[in-house]
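Asks: For the sequence shown, position 26 matches number 1422 in the working numbering, and the numbering has no gaps at all.
For glycine and all other residues, C-beta sits at the position ideal for the given N, C-alpha and C.
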Amino acid sequence: MNEQNERPNRPKIEKGQPQTAWLFDIDGVLTDPLEKKVTHPALFDELIKRLERQEPVALNTGRSLEFVNRVILKPLEKKIADAHILQNIFGIVEKGGVWISYDLDGKQETYVDRNIRAPEDLKDEIRALAAKPPFSETMFYDETKQTMVSVELLPKDQMHGRSFEEFQEAQRALVVELQRLLSHHHLESSFRIDPSRIATDVQNKNVGKALGVRQFVEALRTRGVRPTQYLAFGDSESDYEMYEELKRLGLPGQLVYVGEQEALREKDLSGVVFTRRKVDQGTLEFLQNATKSV
Ligand SMILES: [Mg+2]
């Protein structure tokens, strides 16, 4: 992998400004939430249409570089005839800990933020913990993460009849153990635990969906790109942070929410659009309908 000490500084693009900049969560927005892959190839076509219009597209996810490349970027690269348009796509992965961009020839560049990486001894202890029952019965240590630590729900065919409830019970016990480890390593002030439906993450306190938005906006500013509006797509409550961050930065933006409306019941919904279909089908519905108007 091409690791660099500094974030690649791209030359400014001299051209008209794009109408829209697009931000996508991956799981349950571009991928089927259960199959964990893109099951509607038309989504790739919709992304390519936007890249061809010189509209910036960012993926904003907790997934690893390996996952994002395997599931989204490599299949997308194969479908693109003119590699130059890849310079319009950005990957903000591991919640902002790892950055992907493309040079003018369509060659991928990556940057790993070494300042926020979990210490190796902590990783070793979590890896050992995840390998023991009861944790090993429903979850596994994700070896592809470079800055954060994720202990993920096992694929269904490796659960050997164990239920999602058993995963949740083990996850509660894991969180207690992880808190103990953070305390033991005196990392409570800089790291936090984030349990979700698919994994338990141990991450630097600065990372998250809002950091991804700031990195994307900053990268566009460096290039002199000022989109008229930002559209963020999400299916979980944490994706609302993208919309909040856009507002905080004073940028015109909306959240297209493809998850269950119930999850945002406490939020200000003035800039939120709900789709009729849910998850990846909701994203496709919005993008196909938006082609003419957005
Ligand atoms: Mg998601």
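(1) Alpha carbon to alpha carbon, what distance is there between L1583 and T1416?
(2) What did DSSP end up calling A1514 once you bin it into helix, strand or coil?
(3) Does DSSP classify V1545 as helix, strand or coil?
(4) Does ligand 1 have a heavy atom nearer than 7 Å to the CB of D1421?
(5) From the DSSP output, in three-state form, read off D1553 for me.
(6) Spatial neighbours of Q1542 within its chain, please: C-beta separation below 8 Å, excluding the five flanking residues on both sides.
(7) Tell me whether S1579, by its Cβ, gets closer than 7 Å to a heavy atom of ligand 1.
(8) Nearest to V1652 by CA position, among P1623, Q1677, A1615, G1646, is which residue?
(9) Skipping 5 residues on each side, what residues in its chain have a beta carbon closer than 6 Å to that of M1555?
(10) For I1488 and G1608, what's the separation of their Cα atoms in angstroms?
(11) In the DSSP assignment, what residue or residues form a beta bridge with M1638?
(12) For M1577 and L1642, what's the separation of their Cα atoms in angstroms?
(13) Tell whether a beta-carbon distance below 8 Å holds between Q1413 and P1623.
(14) Could you check the C-alpha separation between K1519 and V1598 for me, to the nearest Å?
(15) Would you call T1435 buried or exposed, if buried means 16 or more other Cβ atoms sit within 10 Å of its Cβ?
(16) Whole angstroms are fine: how far does the CA of Y1639 sit from the CA of V1668?
(17) Classify P1529 as helix, strand or coil using the three-state DSSP reduction.
(18) Helix or strand or just coil, what does DSSP make of G1630?
(19) Q1413 by DSSP, collapsed to three states: which one?
(20) If you draw a straight line from the C-alpha of T1427 to the C-alpha of K1433, how long is it?
(21) Would K1605 be called buried (16 or more neighbouring beta carbons within 10 Å of its own) or exposed?
(22) Quick check: what's the CA-CA separation for K1408 versus V1621?
(23) Using a threshold of 8 Å, state whether the C-beta atoms of F1612 and F1486 are closer than that.
(24) Assign P1591 to one of three DSSP states: helix, strand, or coil.
(25) Tell me which residues share the same chain as I1476 and place their Cβ nearer than 7 Å to its Cβ, disregarding the 5 neighbours each side in the sequence.
(26) To the nearest angstrom, how far is it from the Cα of Q1575 to the Cα of I1589?
Replies: Reading off the structure:
(1) For this step, residue 1416 is matched to residue 20 along the sequence shown. For this step, residue 1583 is matched to residue 187 along the sequence shown. Answer to the nearest angstrom: the Cα atoms are 40 Å apart.
(2) Mapped onto the sequence shown, residue 1514 falls at position 118. In this structure, A1514 counts as coil in the three-state DSSP scheme.
(3) The count along the sequence shown starts at 1 and reaches residue 1545 at position 149. Strand at V1545.
(4) In the sequence shown, residue 1421 corresponds to position 25, counting from 1. Yes; taking the cut-off as 7 Å, the Cβ of D1421 has a heavy atom of ligand 1 nearer than that.
(5) In the sequence shown, residue 1553 corresponds to position 157, counting from 1. Three-state result, D1553: helix.
(6) Mapped onto the sequence shown, residue 1542 falls at position 146. In its chain, beyond the 5 residues on either side, S1460, L1461, E1490, G1493, V1494, V1508, R1513 have a beta carbon closer than 8 Å to the beta carbon of Q1542.
(7) Mapped onto the sequence shown, residue 1579 falls at position 183. Ligand 1 never approaches S1579 closely enough for any of its heavy atoms to be under 7 Å from the residue's Cβ.
(8) If you number the sequence shown from 1, residue 1652 lands on position 256. Across the set P1623, Q1677, A1615, G1646, the C-alpha of Q1677 shows the shortest separation from the C-alpha of V1652.
(9) Locating residue 1555 in the sequence shown gives position 159, counting from the first residue. Same-chain partners within the cutoff: there are none.
(10) Numbered from 1 along the sequence shown, position 92 holds the residue referred to as residue 1488. Numbered from 1 along the sequence shown, position 212 holds the residue referred to as residue 1608. Answer to the nearest angstrom: the Cα atoms are 6 Å apart.
(11) Along the sequence shown, one-based indexing puts residue 1638 at 242. Looking at the DSSP output, M1638 sits in no beta bridge, so it has no partner there.
(12) Sequence index remark: in the sequence shown, residue 1577 carries index 181 (1-based). Sequence index remark: in the sequence shown, residue 1642 carries index 246 (1-based). Looking at the sequence itself, residue 1577 is Leu, so the reference to Met does not match. As the crow flies, the alpha-carbon of L1577 is around 35 Å from that of L1642.
(13) For the purposes of this step, residue 1413 is identified with residue 17 of the sequence shown, where counting begins at 1. For the purposes of this step, residue 1623 is identified with residue 227 of the sequence shown, where counting begins at 1. Yes, they are a contact pair.
(14) In the sequence shown, residue 1519 corresponds to position 123, counting from 1. In the sequence shown, residue 1598 corresponds to position 202, counting from 1. A straight-line Cα-Cα distance of about 9 Å links K1519 and V1598.
(15) For the purposes of this step, residue 1435 is taken as residue 39 along the sequence shown, with counting starting at 1. So T1435 ends up on the exposed side.
(16) Mapped onto the sequence shown, residue 1668 falls at position 272. Mapped onto the sequence shown, residue 1639 falls at position 243. The straight-line gap from Cα to Cα measures roughly 8 Å.
(17) On the sequence shown, position 133 is the one that residue 1529 refers to. Shown here, P1529 sits in coil according to DSSP, grouped into three states, outside any helix or strand.
(18) Indexing the sequence shown from 1 puts residue 1630 at position 234. Residue state, collapsed to three classes: strand.
(19) Reading the sequence shown from its first residue, position 17 is the one you call residue 1413. Note: Q1413 maps to coil in three-state DSSP.
(20) As a first step, residue 1427 must be located in the sequence shown, where it is residue number 31. As a first step, residue 1433 must be located in the sequence shown, where it is residue number 37. Approximately 5 Å between the Cα atoms of the pair.
(21) Position 209 of the sequence shown, counting from 1, holds the residue named residue 1605. Looking at its Cβ environment, which holds 16 or more other Cβ atoms inside 10 Å, K1605 is buried.
(22) Here the question's residue 1408 lines up with position 12 in the sequence shown. Here the question's residue 1621 lines up with position 225 in the sequence shown. The pLDDT assigned to K1408 is 48, lower than 50, so where the model puts this residue is not dependable, and the model offers no usable value.
(23) Sequence index remark: in the sequence shown, residue 1612 carries index 216 (1-based). Sequence index remark: in the sequence shown, residue 1486 carries index 90 (1-based). Their beta carbons are under 8 Å apart, which means F1612 touches F1486 by this criterion.
(24) Locating residue 1591 in the sequence shown gives position 195, where the first residue counts as 1. Three-state DSSP puts P1591 in a strand.
(25) The residue labelled residue 1476 in the question sits at position 80 within the sequence shown. Once the five neighbours on either side are set aside, the close Cβ partners of I1476 are I1444, L1482.
(26) The sequence position of residue 1575 within the sequence shown is 179, counting from 1. The sequence position of residue 1589 within the sequence shown is 193, counting from 1. Distance between the alpha carbons of Q1575 and I1589: 8 Å.
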